[in-house]
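K.L.:
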């Protein structure tokens, strides 16, 4: 004779009941990239690789590279570079006035 009441009590689920037990944080905010990817025990960031000097990036993550490459910030220097290059990096001079033709 099998006791069916015990079988239903020890039912294990991977869903709702398991999610209630998750209250320990393994990752916290990273000082360099700001993401919640700094592993507290390992003392390394899974996103940028901090405290390593070189930034973590891989060729298999093209989207991730694009999120932190040149052109994603303000580009305070770079955004004026093409215009200055076009004019030969002139400084301290006034551009010559374009005289309208008399017709």
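In the numbering used here, the protein residues as written are 304 to 406. Glycine included, C-beta positions come from ideal geometry on N, C-alpha and C. Bear in mind the structure is a predicted one, so any value in this text is a computation, not a measurement.
Please report the straight-line C-alpha distance between residue 364 and residue 351, rounded to a whole angstrom.
P.N.:
Rounded to whole angstroms, residue 364 to residue 351 spans 12 Å at the Cα level.
K.L.:
With distances taken between CB atoms, is the gap from residue 340 to residue 326 smaller than 9 Å?
P.N.:
No.
K.L.:
Would you kindly work out how many angstroms separate the C-alpha atoms of residue 368 and residue 324, rounded to a whole number?
P.N.:
Going from the Cα of residue 368 to the Cα of residue 324 covers about 34 Å.
K.L.:
Fully enclosed by the segment 306-394, which alpha helix (DSSP H) runs are 4 residues long or longer?
P.N.:
307-312, 319-322, 365-370, 384-389, all fully within the segment 306-394.
K.L.:
Output needed for residue 353: all residues of its chain with C-beta closer than 6 Å, excluding positions within five of it in sequence on either side, in chain order.
P.N.:
Excluding sequence neighbours, residue 353 sits near 333, 335.
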